[in-house]
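A.B. asks: Handing you this structure, nothing more for now.
Number of protein chains: 2
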Amino acid sequence: MTSHHAVPTLDDVARTAGVSPATVSRSLNTPALVSRETLQRVKAAVADLGYTPNFGARFMAAKRTMTIGAIIPTMENAIFAKGIQAFQERLHSLGYTLLISSSSYDPEIEAEQVRALASRGADGILLIGYWREEKVYEFLKQRNIPFLLAWAFAANNALPAIGFDNRAAMYQLCDKVLAMGHRNIAVISGTTEGNDRAMNRLKGITERLKVEGFNLDTVPIIETPYDIDNGANAFEELMRGPERPSVVMCGNDVLGVGALQRAQEMGLKVPSEVSITGFDGIELARVVTPKLTTVRVPHSEMGHRAADELVRMVESGEVGRSQELASEIVVEKSIISLA
Amino acid sequence: MTSHHAVPTLDDVARTAGVSPATVSRSLNTPALVSRETLQRVKAAVADLGYTPNFGARFMAAKRTMTIGAIIPTMENAIFAKGIQAFQERLHSLGYTLLISSSSYDPEIEAEQVRALASRGADGILLIGYWREEKVYEFLKQRNIPFLLAWAFAANNALPAIGFDNRAAMYQLCDKVLAMGHRNIAVISGTTEGNDRAMNRLKGITERLKVEGFNLDTVPIIETPYDIDNGANAFEELMRGPERPSVVMCGNDVLGVGALQRAQEMGLKVPSEVSITGFDGIELARVVTPKLTTVRVPHSEMGHRAADELVRMVESGEVGRSQELASEIVVEKSIISLA
DNA sequence: TGAGTCGATGCAAGCGCTTTCATTAAAAAT
DNA sequence: ATTTTTAATGAAAGCGCTTGCATCGACTCA
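Those sequence lines, one after another, are chains A and B. So the first sequence is numbered by my numbering: it starts at 8 and just counts up by one. So the second sequence is numbered by my numbering: it starts at 8 and just counts up by one.
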């Protein structure tokens with residue numbers, strides 16, 4: 008039915024340019040080895056036919072695809088958006104194409120996506136955080152595919168990672184909260200199972216509280232997936248509990264904004280009646296009223312550095328070097344000092 | 008240096024299972040054609056070796072990759088997040104892998120990404136909106152790659168699209184604004200160049216105003232890229248203008264939230280001193296105070312339907328069928344009735 | 001002027017898979 | 001008991017590319 012113009016191949020280009028396929032390949036990949044004049048003719052033929060290389064074939068023959076893969080837990084909220092956008096832009100300027108897929112926070116799906124990207128010849132892969140089944144790491148190593156972790160950094164872990172110390176950052180925020188006189192603290196954490204970032208953030212709080220002499224059993228902690236409505240519901244549950252907290256510390260800004268919203272719906276003044284904190288420093292935290300006290304993470308910086316490092320790994324074959332980025336506590340009107 | 012376990016191939020599987028490569032291929036792709044017993048042995052060998060098919064090779068031999076590509080203008084704000092997430096989930100349940108890339112609203116980059124996805128064997132491609140250079144459509148058609156447009160729908164355009172009528176939706180919103188007694192209207196539009204959605208939204212407003220007898224030359228309109236800060240700046244500029252508007256209609260929620268924020272910074276009460284409207288109905292619009300009056304778009308529904316339709320096109324080879332989805336005007340506290 | 005270089009190109013093997021066609025053994029039909 | 005059908009498998013070609021090796025003029029150098 009459809010007029011099926013066959014897809015032009017490298018051989019077609021060779022034929023119309025009057026050279027051998029090898030020369031066409033060289034014109035495309037190592038133009039320095041081809042004479043000026045020949046190059047012209049090949050280019051003309053390429054443009055003429057609308058030729059695009061077949062990456063399947065290229066991958067088979069050369070093992071390189073100029074493609075980097077990234078797997079992020081979700082696209083649904085903006086947590087990763089800014090960083091990934093920066094990652095993509097840098098990659099593009101380095102001549103690589105970024106292919107993204109999302110795992111919906113499901114380790115099985117993530118493992119599947121890793122295989123999918125490997126099967127499709129990704130030269131390198133970006134993953135979020137440390138935790139995943141060992142088999143995934145084994146697979147990557149066996150396949151010799153360079154990978155880099157982001158959005159986390161742990162000094163005691165040898166895997167190459169570019170990110171920040173979630174535990175330490177939250178520890179500091181908690182420090183701040185305590186310094187402001189809060190002693191009645193409740194926590195809304197992201198789901199910690201299979202999520203080392205969420206776990207370390209929670210740990211940052213509990214460790215700090217333990218140092219302060221808190222009995223952790225009495226600290227209300229609710230775990231729930233990152234989602235505005237979940238944050239709202241958890242907040243309400245906490246506020247209906249036996250002892251009303253003076254501050255609710257949330258595992259990220261999405262939960263924090265949810266809490267804030269429900270507070271307003273419940274007629275609770277923030278921060279005079281209850282303080283709320285978040286984590287990540289995404290736009291969401293800036294546009295609500297009052298603005299959310301949070302930990303600002305250098306998303307763009309992280310994306311750029313991750314791109315640079317991953318490409319370096321791919322091109323040099325060297326092992327990845329970890330980099331720790333600083334995060335910054337941003338105190339806004341969503342918290343009040345009781346001191 | 009690295010112990011370079013060679014990547015297992017289909018031939019390796021065949022050897023350890025004691026069958027021919029052809030049989031392994033059939034076991035993987037058309038298991039019905041293989042005997043029960045053989046299937047077992049092949050499966051065991053696959054698991055044993057940790058075999059993953061090489062999609063490059065598969066693509067060359069079979070022309071199918073079970074991969075769908077999507078190119079979105081940006082990941083940086085959440086406009087496309089929900090829809091794409093839904094698209095991805097549906098695709099996954101249909102057995103396809105989604106590869107996403109983003110064009111930063113640059114037609115050149117988008118064209119490049121289309122080629123990149125085609126080169127990598129995408130079975131089908133999802134694009135946002137109608138407008139792009141003709142050569143892109145020609146390329147897609149020449150290559151015989153099914154494509155579907157989303158986030159827009161125009162009855163008079165034959166290209167397969169699943170989305171909503173941006174012009175009509177904004178026309179209605181404007182209708183509502185007029186019905187509430189506003190006559191001093193200013194507009195903050197997204198960049199219309201190369202963006203038919205932005206253009207049609209703007210057109211929805213101007214057409215409605217023209218019907219009302221407005222002199223369009225006197226209506227203040229600022230065009231700016233979708234970004235909170237741009238929305239804020241544009242708002243300030245409008246409010247400092249000769250005639251202060253009673254309502255500022257924004258091209259999307261991101262701009263609207265920026266406007267809202269700057270209003271608060273300027274000490275202007277919303278809505279009593281100035282009303283603000285958005286478009287899209289993303290979370291951002293719900294979490295600000297007051298909530299943003301906006302046009303709610305069925306993001307998830309759109310993602311699901313787009314996935315279903317694109318897969319149908321890929322598998323049946325049939326031409327795509329367009330679907331128009333309804334959008335809904337959501338009136339919130341960011342607008343006041345002057346009537 | 002003949003040997004040695006060098007730049008530009010072509011030849012051909014091979015990357016890992018699918019699929020047509022042929023083959024064989026077993027089951028069904030006569 | 002013989003022929004026909006059917007089910008299961010294998011052999012081998014070919015998908016579009018890269019790259020090591022060979023070739024071949026045209027130079028350079030003595």
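Quick reminder that beta carbons are idealized off the backbone N, C-alpha and C, glycines included.
1) Could you check whether residue 109/B and residue 86/B sit closer than 7 Å to each other, using their CB atoms as the reference points?
2) Hey, out of 26/A, 116/A, 278/A, 130/A, whose CA is closest to residue 69/A's CA?
3) With a cut-off of 7 Å, does the C-beta of residue 319/A fall near any C-beta of chain B?
4) Is any heavy atom in the ligand NAP found nearer than 6 Å to the beta carbon of residue 62/A?
5) Can you confirm whether the stretch 280-295 of chain B touches the stretch 289-301 of chain A when touching is taken to mean that 3 or more C-beta pairs between the two stretches lie within less than 8 Å?
6) Quick check on residue 285/B: buried or exposed, where buried means 16 or more other Cβ atoms within 10 Å of its Cβ?
7) Identify the residues that DSSP records as bridge partners of residue 287/A: which are they?
8) Can you give the Cα-Cα distance for residue 156/A and residue 162/A, rounded to whole angstroms?
9) Taking the CB atoms as reference points, tell me whether residue 310/B and residue 90/B lie closer together than 7 Å.
10) Are residue 270/A and residue 195/A closer than 7 Å when you measure CB to CB?
11) What are the boundary residues of the alpha helix (DSSP H) that includes residue 63/A?
12) Of the residues 265/B, 233/B, 133/B, which one's Cα is nearest the Cα of residue 199/B?
13) Take the Cβ of residue 115/B as the centre, count every other Cβ of all protein chains shown within 10 Å, and call the residue buried at 16 or more, exposed below.
14) To test your reading of the DSSP string, which unbroken beta strand (DSSP E) runs of 3 or more residues are found completely within the stretch 172-198 of chain A?
15) Report the residues of the stretch 55-79 of chain A with a CB closer than 8 Å to any CB of chain B, ordered along the chain.
16) Below 7 Å on C-beta distance, what does residue 179/A contact in chain B?
17) Compare the C-beta of residue 128/B against all C-beta atoms of chain A and say whether one is closer than 7 Å.
18) Comparing the C-beta of residue 343/A with each C-beta of chain B, is any distance below 7 Å?
19) Assuming residue 330/B and residue 169/B make a contact with CB atoms under 8 Å, what is their CB distance in whole Å?
20) Can you tell me which of 160/A, 192/A, 223/A, 191/A puts its alpha carbon nearest to the alpha carbon of residue 207/A?
21) Could you check the C-alpha separation between residue 177/B and residue 343/B for me, to the nearest Å?
22) So, for residue 308/B: in the same chain, excluding its five sequence neighbours on each side, which residues have a beta-carbon less than 7 Å away from its beta-carbon?
23) Counting along the chain, where does the alpha helix (DSSP H) carrying residue 116/A start and finish?
24) Given residue 300/A, which residues of its chain have a CB within under 6 Å of its CB, disregarding the five upstream and five downstream residues?
25) Could you tell me whether the stretch 40-56 of chain B touches the stretch 18-27 of chain B, using the rule of 3 or more Cβ pairs below 8 Å?
26) Do you know offhand how far residue 303/B's Cα is from residue 201/B's?
27) By the DSSP assignment, the beta strand (DSSP E) with residue 17/B in it spans what residues?
28) Below 8 Å between beta carbons is the criterion; list the residues of the stretch 93-113 of chain B that meet it against any residue of chain A, in chain order.
29) Thinking residue 125/B and residue 152/B are a contact (beta carbons under 8 Å), I'd like their distance in whole angstroms, please.
30) Cα separation between residue 239/B and residue 245/B?
31) At the level of alpha carbons, what is the spacing between residue 291/B and residue 148/B?
32) Based on the DSSP output, what are the partners of residue 154/A in its beta bridges?
33) Using DSSP bridges, identify the partner residues of residue 170/A.
34) What does DSSP give as the partner residue(s) for residue 105/B in the beta ladder?
35) If you measure beta-carbon to beta-carbon, which residues of the stretch 259-275 of chain B are closer than 9 Å to chain A?
36) Against chain A, with Cβ distances strictly below 7 Å, would residue 150/B count as a contact?
C.D. replies: A quick look at the data gives this:
1) Here residue 86/B refers to the residue found at position 79 when the second sequence is read from its first residue. Here residue 109/B refers to the residue found at position 102 when the second sequence is read from its first residue. Not in contact: residue 86/B and residue 109/B (Cβ atoms no closer than 7 Å).
2) Taking the first residue of the first sequence as 1, we reach residue 69/A at position 62. Considering only alpha carbons, the answer is 130/A.
3) Counting from 1 along the first sequence, the entry for residue 319/A is found at position 312. With 7 Å as the cut-off, residue 319/A does not count as an interface residue toward chain B.
4) Judged by which ligands are present, the structure shown has none, so any question about the ligand NAP falls away.
5) The stretch 289-301 of chain A vs the stretch 280-295 of chain B: in contact.
6) Position 278 of the second sequence holds residue 285/B. Residue 285/B should be labelled buried.
7) Counting from one through the first sequence, the residue named residue 287/A turns up at place 280. BP columns for residue 287/A point to 303/A.
8) By one-based count along the first sequence, residue 156/A stands at place 149. By one-based count along the first sequence, residue 162/A stands at place 155. So the alpha carbons of these two residues sit roughly 13 Å apart.
9) As a working mapping, residue 310/B is identified with position 303 in the second sequence. As a working mapping, residue 90/B is identified with position 83 in the second sequence. Remark: C-beta atoms of residue 310/B and residue 90/B approach each other more closely than 7 Å.
10) As a first step, residue 270/A is located in the first sequence; it is residue number 263 there, counting from the start. As a first step, residue 195/A is located in the first sequence; it is residue number 188 there, counting from the start. In this structure, residue 270/A lies away from residue 195/A, with their beta-carbon atoms at least 7 Å apart.
11) Stepping through the first sequence from its first residue, residue 63/A is reached at position 56. Looking at the DSSP string, the run of the alpha helix (DSSP H) that includes residue 63/A is 62-69.
12) Working through the second sequence from its first residue, we reach residue 199/B at position 192. Comparing Cα-Cα distances from residue 199/B to each of 265/B, 233/B, 133/B, the minimum goes to 233/B.
13) In the second sequence, the residue the question calls residue 115/B occupies position 108. So residue 115/B ends up on the exposed side.
14) Those beta strand (DSSP E) runs which fall completely within the stretch 172-198 of chain A and span 3+ residues are 192-196.
15) Listed by position along the chain: 57, 59, 60, 61, 62, 63, 64, 65, 66, 67, 72, 74.
16) Here residue 179/A refers to the residue found at position 172 when the first sequence is read from its first residue. Contact note: residue 179/A does not reach chain B at a C-beta cutoff of 7 Å; the least C-beta distance is about 26 Å.
17) Numbered from its first residue, the second sequence carries residue 128/B at position 121. Contact of residue 128/B with chain A is assigned, a C-beta pair being separated by under 7 Å.
18) Counting from one through the first sequence, the residue named residue 343/A turns up at place 336. Closer than 7 Å: no.
19) Position 323 of the second sequence holds residue 330/B. Position 162 of the second sequence holds residue 169/B. So it is a contact: roughly 5 Å between Cβ atoms.
20) Against the first sequence, residue 207/A aligns to sequence position 200. Closest option to residue 207/A, judged by alpha-carbon separation, among 160/A, 192/A, 223/A, 191/A: 160/A.
21) Mapped onto the second sequence, residue 177/B falls at position 170. Mapped onto the second sequence, residue 343/B falls at position 336. Their Cα atoms are separated by approximately 18 Å.
22) For this step, residue 308/B is matched to residue 301 along the second sequence. Closer than 7 Å at the Cβ level, and outside the excluded window around residue 308/B, lie 332.
23) The sequence position of residue 116/A within the first sequence is 109, counting from 1. DSSP places residue 116/A in the uninterrupted alpha helix (DSSP H) bounded by 114-126.
24) As a working mapping, residue 300/A is identified with position 293 in the first sequence. Setting aside the 5 residues that flank it on each side, residue 300/A is surrounded in the same chain by 284, 338, 339, 341, 342, each with a C-beta closer than 6 Å to its C-beta; the list follows chain order.
25) At 8 Å Cβ cutoff, the stretches touch.
26) Indexing the second sequence from 1 puts residue 303/B at position 296. Indexing the second sequence from 1 puts residue 201/B at position 194. Rounded to whole angstroms, residue 303/B to residue 201/B spans 23 Å at the Cα level.
27) In the second sequence, counting from the first residue as 1, residue 17/B sits at position 10. Not the beta strand (DSSP E): residue 17/B falls in the alpha helix (DSSP H), residues 17-24.
28) Residues of the stretch 93-113 of chain B with a Cβ closer than 8 Å to any Cβ of chain A, in chain order: 95, 96, 99, 104, 105, 106, 107, 108, 109, 111.
29) Residue 125/B sits at position 118 when you count from the first residue of the second sequence. Residue 152/B sits at position 145 when you count from the first residue of the second sequence. At roughly 6 Å, the Cβ-Cβ gap stays under 8 Å, so residue 125/B and residue 152/B are in contact.
30) Within the second sequence, the letter at position 232 stands for residue 239/B. Within the second sequence, the letter at position 238 stands for residue 245/B. If you take the alpha carbons of residue 239/B and residue 245/B, they lie about 10 Å apart.
31) Within the second sequence, the letter at position 284 stands for residue 291/B. Within the second sequence, the letter at position 141 stands for residue 148/B. Pairing residue 291/B with residue 148/B, the inter-Cα distance amounts to about 38 Å.
32) Reading the first sequence from its first residue, position 147 is the one you call residue 154/A. Looking at the DSSP assignment, residue 154/A forms a beta bridge with 132/A.
33) The sequence position of residue 170/A within the first sequence is 163, counting from 1. According to DSSP, which records beta bridges pairwise, residue 170/A is partnered with 331/A.
34) Start at 1 with the first residue of the second sequence, and residue 105/B comes out as number 98. By DSSP's assignment, residue 105/B forms a beta bridge with 75/B.
35) Sequence-ordered contacts of the stretch 259-275 of chain B with chain A read 261, 264, 265, 267, 268, 271 [C-beta pairs closer than 9 Å].
36) Numbered from its first residue, the second sequence carries residue 150/B at position 143. Yes, because at least one Cβ of chain A sits closer than 7 Å to the Cβ of residue 150/B.
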